[in-house]
Amino acid sequence: MARWFVVLGLCLLFPSAFAQSPDGAPAAAGSCVACHGAEGQGSGAFPHLAGLGEAYLRRQLDAFASGERVNAIMKPIASGLSESQRQAVAGYFSGLEMAPTEAAGGPPPDGPGRTLAVHGRWQQDLPACVQCHGPGGQGIGEDFPPLAGQPAAYLEDQLKAWRAGNRPAGPQGLMGHIAERLDDDDLKAVAAYFAALPAATAEAGDD
């Protein structure tokens, strides 16, 4: 939690340091670069944005701006952008490609995270994550973004946010229903599994 307030404090104290847009990017993207990188590749626990669907990114920015998706950093940033600026930012990052990456630490081992991701837990009405997010967590369409290669801490935090009702539950309320059936060990295991997979790239999406 402390890292969020450190970054937020820096943004508020030194806004010009975070306002440099990469070449070809809309000016509004400058506030995204400090945490998500100039090419949207992510940094540390901050997720990668490159290649995520434009409609998906726009919905997230709108949700941050309205407070429907709770985040102390993103709320002031998103609410400070106009609708057209949020659309421009979403369009910019969706048009970037993820750089090819290797699986973090090698292929993820068999265990509870892989079981949940690949097979689900049907006795609890838990579908496999890959049914919506695609084989290898590479994502499907605009509504189900890639999970592979996203930071484990970020994925775990999002599952907790859905469980607490601090993030819109998505199509048919699926993520709210799923997250509330997962305990803390489940969240950590499935987040670690997807984080260990190589990130989705344009080539992966063409398979």
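In terms of mature numbering (1 follows the signal peptide of the UniProt record, and there is no 0), the sequence shown is residues -19 to -1, 1 to 188. Beta carbons: idealized from backbone N, C-alpha and C, even for Gly. Quick caveat, the model's predicted, so the values are computed rather than measured.
- Looking at the DSSP output, residue 148 shares a beta bridge with no other residue.
- Rounded to whole angstroms, the Cβ separation of residue 73 and residue 7 is 6 Å, and the two are in contact under 8 Å.
- 8 Å or more divides the Cβ of residue 64 from the Cβ of residue 31.
- Contact between residue 133 and residue 80 is absent: CB atoms are separated by about 19 Å, not below the 8 Å threshold.
- Ranked by how close their Cα comes to the Cα of residue 94, the residues 171, 146, 19 have 171 in first place.
- In the three-state reduction of the DSSP assignment, residue 121 falls in the strand class, which pools E and B.
- Assignment of residue 12 by DSSP, reduced to helix, strand and coil, places it in the helix class.
- In the DSSP assignment, residue 107 forms a beta bridge with 102.
- Ranked by how close their Cα comes to the Cα of residue 25, the residues 44, 181, 130 have 130 in first place.
- For residue 14 and residue 151, the gap between their C-alpha atoms comes out near 26 Å.
- If only complete runs of 4 or more residues are kept, the segment 43 to 82 shows the alpha helix (DSSP H) at 55 to 60, 64 to 75, in order along the chain.
- Where residue 176 is concerned, the enclosing alpha helix (DSSP H) starts and stops at 165 to 176.
- Scanning its chain for C-beta atoms nearer than 8 Å, with the 5 sequence neighbours on each side dropped, one finds around residue 69 the residues 7, 9, 10, in chain order.
- For residue 34, there is no enclosing alpha helix (DSSP H), since its DSSP letter is neither H nor E.
- Under the 10 Å beta carbon count, residue 98 is surrounded by 16 or more other beta carbons and is classified as buried.
- The shortest CA-to-CA distance from residue 174 to any of 91, 54, 106 is the one to 91.
- Annotation: the continuous alpha helix (DSSP H) that includes residue 157 extends over 155 to 160.
- Exposed is the label assigned to residue 49, since fewer than 16 other Cβ atoms lie within 10 Å of its Cβ.
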